[in-house]
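Each remark here refers to the structure printed beneath this line.
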Amino acid sequence: MMAGEAPLLDIQHLRIETAVGPIVEDVCLTVSRGEMVGLVGESGCGKTLTALSILGLLPEQSVRIGGGRILFKGDDLAGCDERRMTALRGSRIAMIFQEPMTSLNPVMTVGSQIAEVLAIHRGQRGRAAEARVAELLAMVGLSAGAQMHRYPFQLSGGQRQRVMIAMALACGPDLLIADEPTTALDVTVQAQILELIARMQAELGMGCILVTHDLGVVAEMCGRIAVMYAGRIVETGPAEALFGAPMHRYTRALIDTIPASNEPGRTLPAIPGMVPPPGARARGCSFFDRCSAVTARCRDEAPPLVRRGDHVASCWNPAS
Amino acid sequence: MNAVLSVRHLVKHFATADGRTVRAVDDVSFDLGAGEILGIVGESGCGKSTLARALLYLNPPDSGEIRLGDVDLAQCSRAGLKRARADLQMVFQDPFGSLNPRHTVGTIIAEPLIVHRRPNARARVRELLDLVGLPQNAAERLPHQFSGGQRQRIAIARALALSPRIIVADEAVSALDVSIQSQIINLLSELRAAFGLSMIFISHDLSVVRHLSDRVAVMYLGRFVEVAPAATLFADPRHPYTQALISAIPAPPAAAGRGIAKRARRVLPGEVPDPSQPPSGCRFHPRCFAAADICRASSPPLSQVGQSGADARLAACHFAMEGEGGRLTPSRAAPLAAAR
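See the structure below:
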C-alpha cells in the first residue's frame, strides 16, 4: 500500500446480530490491493459470516449487520441498497465458495455460467463473450474446447473449483474472497488450486481474503493473518510475526495443538473444552475458560490491545 | 509379527450402472500386529473406505482372505461373523450420521452389549462414558445435544463396548475442528496404550496419520503403493506418489514464523483417474514425474525395498531402489506432459 492511499477494503467495528445475540463483534480488517489476507478460525467463529457480510449475502433476515462500516474503495457497503450491491457483487467483489458442486448451477454448461456473468455485468454477448470465456478457462488451466460445453457433474472437484475461479475472475474484480476454497479437495488437488489462486492474485493485483480453518494453508499463502475466536478477531499481524511469536494465547494453543507441530506419537497439547456458542460468551475474553494462562480479570474485563508494530492482539496475559 | 488381522489378496469390485467395473480394492494384502496402529492414506476414490467396509464384511469382499486371529471370515456363518465383529469394531467419519438421533446416548452405547448378550450393560455404559471423557449424565441425553467432538467420543465408546481387539477408524477426526481434533487423537492413543488395541486409522490427512501411526500404507486406485514404518515413510518416501503427497502438505505454521516461506512443492498434474478405467501398467504413471516406458507397459508389484524384518518397507515402483536414498528425481526420467 502506498503511503496515504486508503485500503481497498476497510472493515470497521463490524457487528453481526442474530436472534440469540451478536455472532460477530467489533471486527476490524483491512485489505489492500495486491494483498492476500488470511482469516482463520474454527467452525462458528464468524469468519464465513464476516466474509458474506462484505457481499451483502448474510443468510436470513434474522442475521443482519448490527453496526460498523464496511468501506470498499471508500463507499460503505453496510448500508448499501440491493441494486448497488448487485452491481458490485461478481463484478468488483467476487467470491469462491467451499463446495463447487452446490455453488454451480447443475443444469447449465460451464461455459454458459461464465458467460452469464459477462452478460449481466458487462453486457457482453455472442462471439465476444465466447472468446472471453475461452480465455478465462485457459487462464485457470482448463481446455476451453473440451470443458466449455460440459456440465458441472461431468467435472472433477478440482475442475469445478477451477470453473468457480474463472467465474469469479470474469470481470477482473478488485477484491476476491475465497471461503475454504480447498477444504473439499484432496491434498494433491489442493496444492494445484492454491497455486492457481496465488498466481491469479499476483497477476491481477487483486486484494484477496482467504477464509480457512487450516493454519498451514494461510501460513503458506498469506502475508497478513487475522485469527478469529468466538466472533472476534483476537490477533492480527504479518504471518512471520504471528506464527513466529504469537501473542494471543488462543493462537499459541492452536499452533501448538496441531499434529504437524508435534513429535509423532507424543500427546498433543490439546485445548480443553470447546468454543462457547453465541449468547454464552464471556464479557471479557471468550477464551478464558480454555486458556492455560488465564488471569483474574480475563472473564469479566475486555482485554486490552497489545501492539507490537502492526502485530496486534487482545489479551491480558500475552504469550510473548 | 504376531498378526491379529491378516489380509491376503483382498478384492472388492463394484459394477456401475453403465456396465463398467470399478476396481475399488484390487489385491490388497497386509498384516496388522497386536497393539499396532496402521495408517492408511490416500485421496478420495482410492478405495480406503471400501477397504474398511470390506474388512468388517459390511461389504463382503469379492475374493481374498481376511483372518482375524485363527478365524477366516469368509468361512464364517452369520453367527460366526457376528462373534468376529465383537473383536473388530468401527468408528465412522460423520458423528452426526452414525448415531441414531432418537436414541439416548446410553442406549446407543449399550446396543452392542445387548446385541451380543453381555451382562451388566448399565454398569459397562457408565465405565465407557468415563473412559472416553464424557459426563455420566450424558447417558440420558440425545446425540443432538452434543458437539461434534463429543459425538465422536460417543461413537468411540460404542466401538469399545465389546472390548474389541481391533478398531477400524475411517476418517474419525476429519470432520472435527483443530482444537477438538487433538483431543480425539490423544484419546485414541491413550486407549491404544491402555488396552493394547490394534487400529486401522484411515485418513486423507497425512500429518494426523503420521502422528498416530506406527506403520503407514499409501493407497492409490485400489492398491497399496507403499507400506513402511511411519518415520521411514515420511523421511524417505520411495514411491513418487508418496513423495508428491508429502510435498503437498502445507508446512507447519511455525515454519512461516521462522521465515521459511513457500517451499518448492511437487504439484502433480491432473487428478486421480476414473477407477473403472485405470491406466495401463503402473496406475500412477500418467501423473508421475519420473515415469519411463516400462511404467506404461507393466505394473510394478508391491515388493520389498531394503531390509527385511519388522521394519521392512514395501513399494510398488519400478524405480523404488534407485538413486541416493532411493529418491526419484524428475531429471533422471523425462517428465510426461501435464495431463489434464
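Protein chains in written order, with our numbering: chain A, 1 to 320; chain B, 1001 to 1340.
Cβ coordinates follow ideal geometry from the N, Cα and C atoms, glycine included.
Within 7 Å of any Cβ in chain A, is that where the Cβ of residue i sits?
i	result
residue 1183 of chain B	yes
residue 1211 of chain B	yes
residue 1256 of chain B	yes
residue 1253 of chain B	yes
residue 1032 of chain B	no
residue 1177 of chain B	yes
residue 1225 of chain B	no
residue 1267 of chain B	yes
residue 1105 of chain B	no
So is residue i in contact with chain B if we call contact Cβ pairs under 7 Å?
i	result
residue 101 of chain A	no
residue 63 of chain A	no
residue 247 of chain A	no
residue 200 of chain A	no
residue 236 of chain A	no
residue 68 of chain A	no
residue 186 of chain A	yes
residue 319 of chain A	no
residue 144 of chain A	no
residue 42 of chain A	yes
residue 189 of chain A	yes
residue 37 of chain A	no
residue 274 of chain A	yes
residue 264 of chain A	yes
residue 212 of chain A	no
residue 147 of chain A	no
residue 217 of chain A	yes
residue 301 of chain A	no
Would you call the CB atoms of residue i and residue j closer than 7 Å?
i	j	result
residue 62 of chain A	residue 19 of chain A	yes
residue 257 of chain A	residue 276 of chain A	no
residue 1299 of chain B	residue 1020 of chain B	no
residue 42 of chain A	residue 149 of chain A	no
residue 225 of chain A	residue 218 of chain A	yes
residue 1217 of chain B	residue 1227 of chain B	yes
residue 239 of chain A	residue 1084 of chain B	no
residue 222 of chain A	residue 36 of chain A	yes
residue 1037 of chain B	residue 1048 of chain B	no
residue 1250 of chain B	residue 220 of chain A	yes
residue 966 of chain B	residue 1287 of chain B	The requested residue 966 of chain B does not occur in the structure, where chain B is confined to residues 1001 to 1340.
residue 151 of chain A	residue 109 of chain A	yes
residue 1052 of chain B	residue 1154 of chain B	no
residue 161 of chain A	residue 114 of chain A	no
residue 77 of chain A	residue 209 of chain A	no
residue 16 of chain A	residue 65 of chain A	yes
Can you tell which of the options has the C-alpha that lies nearest to the C-alpha of residue i?
i	options	result
residue 185 of chain A	B:1205, B:1289, B:1040, B:1315	B:1205
residue 227 of chain A	A:206, A:313, A:190	A:313
residue 292 of chain A	A:254, A:152, A:6	A:254
residue 144 of chain A	A:302, A:156, A:83, A:163	A:163
residue 1033 of chain B	B:1044, B:1007, B:1053, B:1321	B:1007
residue 1266 of chain B	B:1128, B:1290, B:1096	B:1290
residue 1190 of chain B	B:1160, B:1142, B:1145	B:1160
residue 1003 of chain B	B:1056, B:1101, B:1165, B:1194	B:1165
residue 260 of chain A	B:1147, B:1232, B:1212	B:1212
residue 1132 of chain B	B:1187, B:1315, B:1179, B:1066	B:1187
residue 987 of chain B	B:1030, B:1196, B:1274	Look at the range of chain B in this structure, 1001 to 1340, and you will see that residue 987 of chain B is not part of it.
Based on the DSSP output, what are the partners of residue i in its beta bridges?
i	result
residue 154 of chain A	In the DSSP output, where bridge partners are listed per residue, residue 154 of chain A has none listed.
residue 72 of chain A	A:9, A:75
residue 1023 of chain B	B:1013
residue 311 of chain A	A:308
residue 1288 of chain B	DSSP lists no partner for residue 1288 of chain B.
residue 1089 of chain B	B:1167
residue 211 of chain A	A:39, A:179
residue 65 of chain A	A:16
residue 1223 of chain B	B:1220
residue 1303 of chain B	B:1315
residue 1065 of chain B	B:1008
residue 94 of chain A	A:176
residue 1043 of chain B	None; residue 1043 of chain B has no bridge partner.
residue 1003 of chain B	B:1033
residue 235 of chain A	A:227, A:313
residue 29 of chain A	A:11
Is any beta-carbon of chain E found at less than 7 Å from that of residue i?
i	result
residue 294 of chain A	The structure shown contains no chain E; the protein chains it does contain are A and B.
For this session: Give a yes or no on contact between the segment 1162–1174 of chain B and the segment 1072–1082 of chain B, applying the rule of three or more CB pairs nearer than 8 Å.
Result: no
Exercise. Would you call the segment 204–211 of chain A and the segment 171–184 of chain A in contact, with 3 or more CB pairs under 8 Å?
Worked result: Counting Cβ pairs under 8 Å, three or more are found: they touch.
Exercise. If we count Cβ pairs, one from each stretch, closer than 8 Å, do we get three or more for the segment 104–122 of chain A versus the segment 132–147 of chain A?
Worked result: yes
For this session: Kindly confirm or deny that the segment 1149–1159 of chain B and the segment 1103–1110 of chain B touch, where touching means at least three C-beta pairs closer than 8 Å.
Result: yes
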